[in-house]
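Residue numbers (the working numbering), protein chains in the order written: chain A, 9 to 348; chain B, 43 to 318. Report on the following structure.
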Amino acid sequence: MRTATPRGLHRFAVVAACCTLGLVFAGGLVTSTGSGLAVPDWPLSYGTLNPPMVGGIRYEHSHRLIAGSVALLTTALMLWAWRREPRRWVRALALVAWVTVLVQALLGGLTVLLLLPTAVSVTHGGVAQVFFTLMCLLAVVTSPRWLAARAAEPSHADVRAIGIVAVACVYVQTLLGAWMRHTGAGLAIPDFPLSYGRVAPPFTSAGLDMVNAVRTRTYVLHYLDSIGPVAIHFAHRAWAAVVLAAIVTLLVATVRRHGQSRLFVGLSAMAVGLVCAQALLGGLTIWTRKSVIPTTAHVALGSVILATAVVHAVIYRRCTTLEVDRAAATAPVSRGAAHA
Amino acid sequence: MTVYAEENGVLKFHGSRGVTTVAAVGLVSASLLLGCAKEDDARADPPSPGPKAPSITQAATATATAGTASIAGKVSFVGEAPVASALDLNADPVCASTHDSPVMGRDVIVGADGGLKNVFVYVQSGASGDYDAPDAEVVLDQKGCVYEPHAVALQVGQTLNLLNSDSTTHNVHALPEENKPFNTSMPIPGMVIPKTFDETEIFKVKCDVHPWMSSYVGVFDNPYFAITGADGSFKLSGLPAGTYTVAARHEMYGEQLLEVTVGDGEAGEAAFSWGG
Ligand SMILES: [Cu+2]
């Protein structure tokens, strides 16, 4: 029976999304602790479901167990939505989430079996962000507030556009972060907010000597044999400024167009706050020399920022009316609200 | 200034007899417990005991051509050496229980006389000819959850025996770029896995179960290589007369090159230094 979205489906989706955030954190822990290959086999761990939980095995195997549980939750969510959810696109969204978690599991296995090739590990990190966002979307679109919402305000093209640009900027940043992590470039620049005492670090091989002198003498870090990691690391820092600009622009546009809407302004203000907190966590990651907790929290908060930006864009679309919609509403055949 | 120097000055390999016994025990238990001894991964016959415990320089001279020249010297660290900190082995109770005193980090080990330990010194160019791999096998032991030794050197085609002397699980994760990377689990105490390498390079080996465990393996296409001892000294012997580019590579500080010319019977010198 697909008469109405069950209230329980929403609650279940919220729980699943929270578990997924936990999974992102657990996955982040694997890389932060350098445990990615502590278990050389996959899908079993040392040929069993119960390997000795010591050292890096604890992180890697826990990640696998939590991932298995989230995959089960996602399967249940998908089946439940498939049976009871009246909106076809929501059922499709649940199916996409389910397929994503399966692809993600395969990528996880592949990255272990292929010894963490950068491309596969970065993709595994990138798909994790997409999957968490999908789970958040499922929680949002099954909520009673979403179902009861009305498109009260007119939609503004600038807010819509900036919202999408912001999502793209944030996602690029999570990929840059994953690339930096999986190339071991997290401390390629050991100071923050400056880079080797300058606004921008050197990018030439001539600058490499200075970089290595500072690394080995001041920071007691191993030398770099190319400037590449510095460039990757700095790209992540520079792009952070782009993300901040995009998110602040989104807030400004939202306030200008919808100053009265607590929902829109609240969401975009929240995004700005999260990005600022994220910059601080990034700094903490450097200052503590990639201490495990701030480093992993930085990864998890990245997911939350991406989900927030996407949810903002989606809710904006839901709660505002496009010109075409208004035109359609006055046309003889109305779109109706049942499938909104 | 805190200086950490290891108790035994010279890098020595464990006697091959001990290795043989451990390897045999490891093999038997491996086949009994797992039945997973792939020909690729675990050797079918235990390593034969060499005439004596080989050291790197002995292994090197064994196959050297009839050269009579040598290049010797010291790798120094000038100035205040970084303070070594104790490794936290508590992530695995077995590791912590095997040591009575703290185990110090081994990235930079500077001796009392300013010698820098664990530097690969090798002939990077100038050596021509085909050098057969020596029969002597080199051991990289995982003992007390640290690698012994911290740096090993061997020739292309020479056998490196990975050994687990601990009663806990290690994975050996090698990160070469020229050779084939691998990640092998060594869950059984006494297990031995032989490896050979085809290409010249120095690469890192790490254990992801115990993130503090790291070691460096140097593979060279000629027999003229050494790893500095606690006093920073090295000697490349058996060289034919000629001009050589001698490289010194340290995991923290990178690589330095020197050109050295030696005639027959001559003892050439090379000095490297970092820090300052
Ligand atoms: Cu280990």
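Heads up, the beta-carbon is just placed ideally off N, CA and C, and yes, glycines get one too.
Cα separation between residue i and residue j?
i: residue 181/A; j: residue 305/B; result: 59 angstroms
i: residue 152/B; j: residue 225/A; result: 14 angstroms
i: residue 213/A; j: residue 132/A; result: 31 angstroms
i: residue 25/A; j: residue 114/A; result: 20 angstroms
i: residue 253/B; j: residue 146/A; result: 38 angstroms
i: residue 18/A; j: residue 86/A; result: 12 angstroms
i: residue 35/A; j: residue 68/A; result: 8 angstroms
i: residue 122/A; j: residue 219/B; result: 14 angstroms
i: residue 179/A; j: residue 247/A; result: 11 angstroms
i: residue 137/B; j: residue 249/B; result: 13 angstroms
i: residue 225/B; j: residue 203/B; result: 14 angstroms
i: residue 176/A; j: residue 118/A; result: 27 angstroms
i: residue 130/B; j: residue 185/B; result: 15 angstroms
i: residue 149/B; j: residue 108/A; result: 42 angstroms
i: residue 302/B; j: residue 244/A; result: 44 angstroms
i: residue 179/B; j: residue 235/A; result: 37 angstroms
i: residue 16/A; j: residue 59/A; result: 36 angstroms
i: residue 31/B; j: residue 158/B; result: In the structure as shown, chain B begins at 43 and stops at 318. Residue 31/B is therefore absent and cannot be evaluated.
i: residue 293/B; j: residue 215/B; result: 17 angstroms
i: residue 299/B; j: residue 267/B; result: 14 angstroms
i: residue 99/B; j: residue 193/B; result: Residue confidence is low: residue 99/B scores 43 on pLDDT, short of 50, so the model does not pin down where it sits. Its coordinate-derived value is still stated next. About 14 angstroms.
i: residue 153/A; j: residue 253/A; result: 30 angstroms
i: residue 197/A; j: residue 189/A; result: 13 angstroms
i: residue 286/B; j: residue 166/B; result: 7 angstroms
i: residue 13/A; j: residue 264/A; result: 35 angstroms
i: residue 328/A; j: residue 144/A; result: 20 angstroms
i: residue 99/A; j: residue 227/B; result: 43 angstroms
i: residue 200/A; j: residue 32/A; result: 25 angstroms
i: residue 249/A; j: residue 286/A; result: 12 angstroms
i: residue 10/A; j: residue 192/A; result: 49 angstroms
i: residue 155/A; j: residue 140/A; result: 22 angstroms
i: residue 155/B; j: residue 121/B; result: 11 angstroms
i: residue 207/B; j: residue 217/B; result: 22 angstroms
i: residue 130/A; j: residue 311/A; result: 14 angstroms
i: residue 141/B; j: residue 172/A; result: 57 angstroms
Helix, strand or coil: which one does DSSP assign to residue i?
i: residue 176/B; result: coil
i: residue 113/B; result: strand
i: residue 69/A; result: helix
i: residue 316/B; result: strand
i: residue 10/A; result: coil
i: residue 149/B; result: coil
i: residue 24/A; result: helix
i: residue 3/A; result: For residue 3/A there is no data in the structure shown, the boundaries of chain A being 9 and 348.
i: residue 38/A; result: helix
i: residue 237/A; result: helix
i: residue 169/B; result: coil
i: residue 57/A; result: coil
i: residue 76/A; result: helix
i: residue 84/A; result: helix
i: residue 132/B; result: coil
i: residue 296/B; result: strand
i: residue 233/B; result: coil
i: residue 18/A; result: helix
i: residue 183/B; result: strand
i: residue 112/A; result: helix
i: residue 203/B; result: strand
i: residue 228/B; result: strand
i: residue 226/A; result: helix
i: residue 99/A; result: helix
i: residue 289/B; result: strand
i: residue 200/A; result: coil
i: residue 274/B; result: coil
i: residue 84/B; result: With a pLDDT of only 42 at residue 84/B, under 50, the local geometry of the prediction cannot be trusted, and no value is derived from it.
I think residue i touches residue j, with their Cβ atoms under 8 angstroms apart; what is that distance to the nearest whole Å?
i: residue 2/A; j: residue 71/A; result: Nothing about residue 2/A can be read from this structure; chain A reaches only from 9 to 348.
i: residue 49/A; j: residue 55/A; result: 7 angstroms
i: residue 20/A; j: residue 88/A; result: 7 angstroms
i: residue 267/A; j: residue 134/B; result: Residue 267/A to residue 134/B, Cβ: 58 angstroms. No contact.
i: residue 112/B; j: residue 281/B; result: 6 angstroms
i: residue 6/A; j: residue 106/A; result: Residue 6/A is absent from the model: chain A starts at 9 and stops at 348.
i: residue 238/A; j: residue 219/A; result: 6 angstroms
Taking 7 angstroms as the cut-off, is the beta-carbon of residue i closer than that to any non-hydrogen atom of ligand 3?
i: residue 136/B; result: Here the bound small molecules are ligand 1; ligand 3 is not part of this structure.
Discussion item. Please give the ranges of any alpha helix (DSSP H) in the region 241-327 of chain A, keeping only runs that are unbroken, at least 4 residues long and fully inside the region.
Written reply: 270-295, 300-327
Fill in: beta strand (DSSP E) runs contained entirely in the region 114-196 of chain A, provided each spans 3 or more residues
List check, beta strand (DSSP E) in window: nothing returned.
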